[in-house]
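S.K.: Here it is, the structure, as structure tokens.
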Amino acid sequence: MCSKTRVHLTEDTHVDTLTLNDEETAIGERLGNVLKLMRQLTEDSSLRHTSVSIHSTNNFPTAAGLASSASGFAALVFALGKIFLPSYTNTQLSAIARQGSGSACRSLFGGFVAWNMGELDDGSDSSAVEIAPQSHWDDLDALICVVSADKKAVPSTAGMQRTVETSPYLRHRVDHVVPKRMQDIIDAIKAKDFDKFADITMRDSNSFHASCLDTHPPIFYLTDVSRLIIGMVHALNQAAGRAVAAYTFDAGPNAVLYVQRKDTEMVFAIVSDLFGDGATDHADLLNQSGINIDLSTFKHRNGLSRIIKTCIGDGPRVI
Numbered sequence: 053m054c055s056k057t058r059v060h061l062t063e064d065t066h067v068d069t070l071t072l073n074d075e076e077t078a079i080g081e082r083l084g085n086v087l088k089l090m091r092q093l094t095e096d097s098s099l100r101h102t103s104v105s106i107h108s109t110n111n112f113p114t115a116a117g118l119a120s121s122a123s124g125f126a127a128l129v130f131a132l133g134k135i136f137l138p139s140y141t142n143t144q145l146s147a148i149a150r151q152g153s154g155s156a157c158r159s160l161f162g163g164f165v166a167w168n169m170g171e172l173d174d175g176s177d178s179s180a181v182e183i184a185p186q187s188h189w190d191d192l193d194a195l196i197c198v199v200s201a202d203k204k205a206v207p208s209t210a211g212m213q214r215t216v217e218t219s220p221y222l223r224h225r226v227d228h229v230v231p232k233r234m235q236d237i238i239d240a241i242k243a244k245d246f247d248k249f250a251d252i253t254m255r256d257s258n259s260f261h262a263s264c265l266d267t268h269p270p271i272f273y274l275t276d277v278s279r280l281i282i283g284m285v286h287a288l289n290q291a292a293g294r295a296v297a298a299y300t301f302d303a304g305p306n307a308v309l310y311v312q313r314k315d316t317e318m319v320f321a322i323v324s325d326l327f328g329d330g331a332t333d334h335a336d337l338l339n340q341s342g343i344n345i346d347l348s349t350f351k352h353r354n355g356l357s358r359i360i361k362t363c364i365g366d367g368p369r370v371i
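Final position of the sequence shown in this note's numbering is 371; the numbers increase by one with none missing.
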């Protein structure tokens, strides 16, 4: 899964344009803010008077909770940075990327990335840093379980604004839950401790969605299929006596399952069998792994539209 973005400058027009997946698209407020920042910060004054033509493609379902905006804005800011701000580091560019999409600041790096809150009230010093490169944990895979590629009823930004305004639990989460979890997950990544990594990942996913439920009116991103996947993962891990898989859900119904490569084939078969068209049979792989469990109670035929197998990425690059 990726985004590819091409940027062309011209002095012949005075209008910026955006073509997304071969369709001309209006430049929204967030993209407009990114372009404005680029022009303000560049040391080349001649660039401030050029128009920008952006052509971007990606294979992410848009607005479905699969970080399409994060990928797209990261690719765009990286490309614009090469032109407007060639001396900027990716951490400096990440502070600009988050003006378009908060998660985009993390996508400017490969490997494992931390998004630091910063100290300033306006968030202008909030940026991302790489805590470990892709090569650090190169046998970690991800299975993206697409429950729905439809647009969400509540967009991520609007939902988070509502949560900030109405959820008492969010304040507790920010002050007392996230700081320790951030350090714990960094420690787990550096130690390549999958059991600890899995536990923290799932707990924090649940905590995030608890804050969505605590929002008024509540926000329901998870579906029945999402909850079946959660139950399946916990049952599988308990039967195995170790963490075989870890789920996480962003602001949407689609699960990302982290697995170690030794378990990827088995977990892929389980998910395909339970939530796909039933063409695969996971029982033999479970038996070969010495895991004795019947997962049929979690079955929801055709609950997933597709399963995408991928791994930790290496960040943006010029192609």
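Quick reminder that beta carbons are idealized off the backbone N, C-alpha and C, glycines included.
All of these numbers come straight from a predicted model, not from anything done at the bench.
Would you call the segment 269-277 and the segment 221-228 in contact, with 3 or more CB pairs under 8 Å?
M.R.: With the rule of 3 Cβ pairs closer than 8 Å, the segment 269-277 does not count as touching the segment 221-228.
S.K.: Label S155 either buried or exposed according to how many other C-beta atoms from any shown protein chain fall within 10 Å of its C-beta, with 16 as the threshold for buried.
M.R.: One-based indexing of the sequence shown puts residue 155 at position 103. So S155 counts as buried.
S.K.: Would you give the residue range spanned by the alpha helix (DSSP H) that F161 belongs to?
M.R.: On the sequence shown, position 109 is the one that residue 161 refers to. Per DSSP, F161 belongs to no alpha helix (DSSP H) and is neither H nor E.
S.K.: Just grab the DSSP bridge partners of E76 for me.
M.R.: Along the sequence shown, one-based indexing puts residue 76 at 24. For E76, which the question treats as bridged, DSSP gives the partners T71.
S.K.: Please return the same chain residues whose Cβ sits closer than 6 Å to the Cβ of G367, not counting the five positions on each side in sequence.
M.R.: As a position in the sequence shown, residue 367 is number 315, starting the count at 1. Excluding sequence neighbours, G367 sits near F161, G162.
S.K.: So, with DSSP's three-state summary, where would you put K361?
M.R.: In the sequence shown, counting from the first residue as 1, residue 361 sits at position 309. Of the three classes helix, strand and coil, the one that applies to K361 here is strand, per DSSP.
S.K.: Counting C-beta neighbours from all protein chains within 10 Å, is the total for D190 16 or more, i.e. buried, or is it exposed?
M.R.: The residue given as residue 190 occupies position 138 in the sequence shown. Exposed.
S.K.: Which two residues bound the contiguous alpha helix (DSSP H) that contains L337?
M.R.: Numbered from 1 along the sequence shown, position 285 holds the residue referred to as residue 337. It spans 335-340 - the alpha helix (DSSP H) in which L337 sits, taken as one unbroken run.
S.K.: How many angstroms separate the CA atom of S178 from the CA atom of E171?
M.R.: If you number the sequence shown from 1, residue 178 lands on position 126. If you number the sequence shown from 1, residue 171 lands on position 119. Computed Cα separation, rounded: 8 Å.
S.K.: Using three-state DSSP, classify D193 as helix, strand or coil.
M.R.: Counting from 1 along the sequence shown, the entry for residue 193 is found at position 141. Under the three-state reduction of DSSP, D193 is assigned to strand.
S.K.: Buried or exposed: where does D64 fall if 16 or more other Cβ atoms within 10 Å of its Cβ makes it buried?
M.R.: Locating residue 64 in the sequence shown gives position 12, where the first residue counts as 1. Classification of D64: exposed, given that the 10 Å Cβ count is below 16.
S.K.: Would you decide whether V199 is buried or exposed? Buried here means 16 or more other CB atoms lie within 10 Å of its CB.
M.R.: Locating residue 199 in the sequence shown gives position 147, where the first residue counts as 1. Its Cβ being crowded by 16 or more others within 10 Å, V199 is buried.
S.K.: Taking L61 as part of the beta strand (DSSP E), name the residues at either end of that continuous run.
M.R.: Counting from 1 along the sequence shown, the entry for residue 61 is found at position 9. Start and end: 55-62.
S.K.: Whose C-alpha, out of P220, S263, R233, T215, is nearest the C-alpha of A4?
M.R.: Coverage of the chain is limited to positions 53 through 371, which leaves residue 4 absent and any answer about it impossible.
S.K.: Decide if S139 is buried, meaning its Cβ has at least 16 other Cβ atoms within 10 Å, or exposed.
M.R.: For this step, residue 139 is matched to residue 87 along the sequence shown. Under this definition S139 is an exposed residue.
S.K.: Are the beta-carbon atoms of S105 and T62 separated by less than 8 Å?
M.R.: The residue you call residue 105 lines up with position 53 of the sequence shown. The residue you call residue 62 lines up with position 10 of the sequence shown. Contact: yes.
S.K.: If you measure between the beta carbons of Y310 and I281, is that distance less than 8 Å?
M.R.: If you number the sequence shown from 1, residue 310 lands on position 258. If you number the sequence shown from 1, residue 281 lands on position 229. No, the Cβ-Cβ distance between Y310 and I281 is not below 8 Å.
S.K.: Cβ of A307 less than 8 Å from any chain B Cβ?
M.R.: No chain B appears in the structure shown, which is made up of a single protein chain.
S.K.: Can you give the Cα-Cα distance for S123 and A295, rounded to whole angstroms?
M.R.: Sequence index remark: in the sequence shown, residue 123 carries index 71 (1-based). Sequence index remark: in the sequence shown, residue 295 carries index 243 (1-based). Cα to Cα, S123 sits roughly 29 Å from A295.
S.K.: Taking 7 Å as the limit between beta carbons, can you name the residues of its chain near T14, skipping five residues before and five after?
M.R.: The question about residue 14 has no answer, for the chain in this structure spans 53 to 371.
S.K.: Looking at the structure shown, is Y273 part of a helix, part of a strand, or coil, going by DSSP?
M.R.: Reading the sequence shown from its first residue, position 221 is the one you call residue 273. Here Y273 sits in coil by DSSP.
S.K.: Under the rule that 16 or more other beta-carbon atoms within 10 Å means buried, what is P269, buried or exposed?
M.R.: The residue labelled residue 269 in the question sits at position 217 within the sequence shown. It counts as exposed.
S.K.: For the alpha helix (DSSP H) that I345 lies in, which residues bound it at each end?
M.R.: Within the sequence shown, numbered from 1, the residue matching residue 345 stands at position 293. Note, I345: premise wrong, no alpha helix (DSSP H); not H, not E.
S.K.: Starting from Y221, trace the alpha helix (DSSP H) both ways and give me its first and last residue.
M.R.: For the purposes of this step, residue 221 is identified with residue 169 of the sequence shown, where counting begins at 1. It spans 220-224 - the alpha helix (DSSP H) in which Y221 sits, taken as one unbroken run.
S.K.: Skipping 5 residues on each side, what residues in its chain have a beta carbon closer than 6 Å to that of L372?
M.R.: The structure shown does not extend to residue 372, since the chain is modelled only from 53 through 371, so no value can be given for it.
S.K.: Can you find the residues in the same chain that come closer than 6 Å, C-beta to C-beta, to A297, ignoring five residues on each side of it along the sequence?
M.R.: Translated into the one-based positions of the sequence shown, residue 297 becomes position 245. Within the same chain, A297 has close Cβ partners V285, L309, V311, V319.
S.K.: Where does T94 fall in DSSP's three states?
M.R.: For the purposes of this step, residue 94 is taken as the residue at position 42 of the sequence shown. Three-state DSSP puts T94 in coil, outside helix and strand.
S.K.: Out of D329, V277, K203, point me to the one whose CA is closest to F112's CA.
M.R.: Position 60 of the sequence shown, counted from the first residue, corresponds to residue 112. Of the candidates D329, V277, K203, the one whose C-alpha sits nearest the C-alpha of F112 is K203.
S.K.: Is it true that the CB of S103 sits closer than 8 Å to the CB of V59?
M.R.: In the sequence shown, residue 59 corresponds to position 7, counting from 1. In the sequence shown, residue 103 corresponds to position 51, counting from 1. Not a contact, by the Cβ cut-off of 8 Å.
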